[in-house]
Structure formats: structure tokens, C-alpha cells
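Presented below is the structure to which this report refers.
In UniProt numbering, the protein residues as written are 1 to 543.
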């Protein structure tokens, strides 16, 4: 009796969902995969009818190409029959829309094209979508033997398309008559083409706003002009030889063209974000461009190995990233608005930073020898420490953070003004290392509010952390000029630390390890902070 009641209740609930207005059912079904939609359509004819009117369609080849055979012949036939039914269902949907003159807002096809029959089927589906005035078309195909799907010419004449994203396709040389009058976003990834086709394509997109070309085979020279609407462009290829852009309203440019011999962006007067990775970027090129891009707010330079000296004078620049520029030895910055500076490189850098206020964040990622401390490295950290937050990256272990005592005795702490110090380790510290690790971090930054030790266990994609939060009171000296503060303008943490709260997040060591770590840190702080009032040790927020 109870089972009968449950069945009736489930049918009643399903019936309530089916009574929802079409536009709400459309929204519910738009979040389902095609496989789930087919299953739901078996439960309710109305759901099937409503899905035929959803304006967003996504056909993922994974649902068509799951397991095509098994040892049981009957099961193999069942699998193949279901695959055929799935293809039929998808095609029936597109045909029905065409007959009812229903618009398609977005069509996504992500498929492995195994046979000529599959290619013909995709051709039909694209044709149906174009006749239904599709607005967003996302085609991602894979074919064996390095072949590419030949894009139908009709796609490049579709006035309804506003977003076109192609991957694994080929644009034929006859693609000269192009009219994508509504296209605003274009993305080509691993597309086989040539310079002339791309030139014609871009010329046929008068309102284009966003363009992306990544690893397009045959594309070597780019010269885009007369693009008043273009706001963002991303170019990435090791085959690009020349890049020249004339776009008066271009806001964002990301160019990875390692072997390019020429890059010209001086006509992009409204450029605000620039990301470059190219061998041809040398001192003179950079000086010329940075002086002619008056609105630039963010600059990223990676692997620009001809750069030796950088000089920037700007009241607009807010973020600067300098990564792996091997020959870079001198950086002069007169940038009062600078908020964030990231440097991935060697410690032989001469840095002059004239910023009128604290930076929000500085990141220093050390390169080999990572674990070697010397005067040069400490002086560089000192110059990078005019910031609220300092993040030191790429230490292999806790031992790499330990600074030789002779350096600590003869040099001032480099990051006295830093309030938040974070250090990243490649592997976790051991319980016997924690007090030495903390002691060295508190020498680097002797009066912090927060210290974070981040580390990865095995190959997990996220970091576990141990954080230290400190509060202080007015310093009290037992004697004048204590040795630990002899190079500091004000007392260090040892003379004013009031409370310390330690929290382990993400990692759950055994109780004995936690107990030993707590005892080691408690002993360390009570022995070194003479006026400590409170010590708390939490694991995952629990004491």
C-alpha cells in the first residue's frame, strides 16, 4: 500500500513539473545534456515537445561515441542501435525547428568525425542551424590523420551569426566572398588556413569586437586595420612572423609569437592591457611602444629574451608582470599608481621603484638557485617590499627558506613594512622544521599581521596552508637597542606580540603530529615573545 502511494506521489510531482509554463521548462531542459534530454523525453511527451523549442543546443560527441562494442554481440547491437537513435533524435530536433521556423540562439557541436557519413551529417546539421538563423555557432571537431573538417562556405555568409568559434576546421582558399555582418566574437583554434583567407575573413566582419587566433596552421602574417569596434585580440602561434594592428579602440592585446620578427601596436592608442611573449621585443621596441600607448594600465612581458633594460614612467600603469626575461638586468619604474608587481626571474636584477604609496601586492618567484641566499637576493626582496602583501614562490622545502645566520646578523630585515607575507613550498614542512621556518619568516618580515605557509601534498591541484595571525601592543624594552632590532626603525615582534592564532587548513595530519607541532610552536612563541598573552592553535577552524 505504501509503495503504491509513493508511485502516485511521484507521478503527481512529475505532473506538477509538466504543468509549468513552456519558458520555465525550456530553462530547466537547457541545463541538461542531450543524453539526459532523450531520457526525460521518454517520461513526458510534453517535455520532448518543449525541448524541440529550446533555443540553446549542445551536441557532445562523447554521448554519441561512448562504448561502440563489447564482447557480447547482442549488447553491441543494442549500443549501436541507441547511438543511431541518438543521432536521429538530434537531427529530428533540428529539422523540426526548421519547419516551425524556430530560431536557434546557440548550437555547439563537439565531435569526432570518423566517417564520411558523419561529416555529411554534420554538414546537414550546420545547414539546418543556419536556416534557423543561429546566432552562436561553436564547432569543435577531430579527425584522424591530421585532417580537418572543411567549413561550409555558407557559414561565412551567415548574417545572423554573432559568435563563431571554430576548432579543428579548415578554411578553403575559395573563401573570398565573406559577409559576417553581425559577427562580434571570432575564435579560431587549430584551424588550417592562410594569410589571405584570414585577411578576407576579418574584412568581412565590420562590427567585430573580440578575436582569437591560436595555433592556426598556415597563418604567418597578420595586418589588421580599419577595425573601429575591435576591443580585444589574442594571438598565439610559433609560426607567426609579423603582427601589425591598427585598431583605435583596442582595449586588450595578448600576443604569443615567440619567433616573430616584427610586432607593431603603436596605432592602438586606447590599449589598456598588453600581454607579450616574443623574441623581437628589445629595449628600443619597448621604449618606443610604451611612450606611444598613454592609457596602458597592465603590462605582462614573458620570455622576451632580448630585453635588458626597462624604463617606465607612467601615472596610469597599475599592474606589471615580468616573467622569465633571461637578459633583463635593470628595471626603472616611476609609476605612482602601480598596485601589483610580479617578478619571475633571477636575483641579479637592479630594481628602482618610485611609487608614491604602498603597492597592494608583490610576487617574487625565484629561479635557480632557488635555495641559495646571498646579499643580492635579500636586497632585491627589500626593493620588492614596498607593499602591503609579499608572496615568495618556488621554495622546494622549508630548508630553502632558512637564511644563513651571518646574513641575518649583518643585514636588516628586508620586508619590515610588509603586513602580509606568504611563502609557497613545493612540499610540506616536517614537524621538526616548523619553528626554524617561522623564525626565518619573522626575520624577513619582523612585524606582520598575517603569515601564510602554503604547500602541496603529492600532486594535488590545490594548496594546503598554515596561517599565523598576529596582534600587537605598545612595545616594551627591557634594555636599550636590543640586538634583534639594531637595524630596524621600530621594535620587532619579540617586544610587542600580544596574541597569535595558528590555523591549519586543508591538511589533516594525525593527532600526534598536530600535538607535536602545537607544542613546538607554543614553546617557540612563549620563549621569544616576552609579553605574549594568548596562543591559539586551530586545525580546520577547530581548536
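Backbone N, C-alpha and C fix where the C-beta goes; we use that ideal spot for every residue, glycine too.
Only a predicted model underlies this, so the values are computations on that prediction, with no experimental measurement involved.
- Setting aside the 5 residues that flank it on each side, residue 522 is surrounded in the same chain by 535, each with a C-beta closer than 6 Å to its C-beta; the list follows chain order.
- Judged by DSSP secondary structure, residue 114 falls outside any alpha helix (DSSP H); it is assigned neither H nor E.
- Where residue 430 is concerned, there is no enclosing alpha helix (DSSP H), because DSSP gives it neither an H nor an E.
- DSSP places residue 272 in no alpha helix (DSSP H); its state is neither H nor E.
- With respect to residue 431, residue 520 sits close: the two C-beta atoms are nearer than 8 Å.
- Taking 3 residues as the minimum length, the beta strand (DSSP E) runs contained wholly in the segment 142-200 are 163-167, 185-189, in order along the chain.
- Taken in chain order, the unbroken stretches of alpha helix (DSSP H) that lie wholly in the segment 345-418 and span 4 residues or more are 375-383, 405-410.
- One thing to note: residue 418 has its Cβ no nearer than 8 Å to the Cβ of residue 453.
- Within 10 angstroms of the beta-carbon of residue 289 lie 16 or more other beta-carbons, which makes it buried.
- Excluding sequence positions up to five before and after residue 407, its CB lies within less than 8 Å of the CB of 373, 374, 375, 378, all in the same chain and listed in chain order.
- The segment 282-350 is shown to contain whole beta strand (DSSP E) runs of 3 or more residues at 298-302, 309-313, 319-323, 330-334, 340-345, in chain order.
- Annotated as distal: residue 194 and residue 168, with beta-carbon spacing of 8 Å or more.
- Residue 328 sits away from residue 364, with the two beta carbons spaced by 8 Å or more.
- When secondary structure is reduced to three states using DSSP, residue 94 falls in the helix class.
- Residue pairing for residue 422: DSSP places it in a beta bridge opposite 391, 452.
- Contact between residue 160 and residue 135 holds: their C-beta atoms lie close to 6 Å from each other, under 8 Å.
- The beta-bridge partner set that DSSP reports for residue 254 consists of 234, 275.
- In the structure shown, residue 471 adopts extended strand secondary structure according to DSSP, grouped into three states.
- Sequence-distant Cβ neighbours of residue 380 in its own chain, meaning closer than 8 Å and more than five residues away, are 347, 349, 351, 364.
- In the structure shown, the three-state DSSP call for residue 259 is coil.
- Put simply, of 318, 359, 279, 98 the residue whose alpha carbon is nearest the alpha carbon of residue 305 is 279.
- If you draw a straight line from the Cα of residue 157 to the Cα of residue 179, it is about 5 Å long.
- For residue 181 and residue 162, the gap between their C-alpha atoms comes out near 8 Å.
- Here the alpha carbon of residue 323 sits roughly 14 Å from the alpha carbon of residue 298.
- Beta-bridge annotation (DSSP): residue 534 is paired with 499.
- Exclusion of the five residues before and after residue 128 leaves 94, 98 as the residues of its chain whose Cβ lies within less than 6 Å of its Cβ.
- Exclusion of the five residues before and after residue 445 leaves 415, 418, 421 as the residues of its chain whose Cβ lies within less than 6 Å of its Cβ.
- With a 10 Å radius around the Cβ and a threshold of 16 neighbouring Cβ atoms, residue 150 comes out exposed.
- By alpha-carbon distance to residue 473, the top candidate from 527, 533, 526 is 533.
- Per the C-alpha coordinates, the member of 92, 447, 438 positioned closest to residue 502 is 438.
- Where residue 60 is concerned, there is no enclosing alpha helix (DSSP H), although the beta strand (DSSP E) around it starts and stops at 56-60.
- When DSSP states are grouped into helix, strand and coil, residue 241 belongs to the coil group.
- Contact annotation: residue 295 and residue 281 have beta-carbon atoms that are not nearer than 8 Å.
- Looking at 426, 403, 213, the one whose alpha-carbon comes closest to that of residue 396 is 426.
- Residue 172 counts as exposed, since fewer than 16 other C-beta atoms from the protein chains shown sit within 10 angstroms of its C-beta.
- Shown here for residue 403: same chain residues with a beta carbon closer than 7 Å to its own, the five before and five after excluded, namely 373, 440, 443 in chain order.
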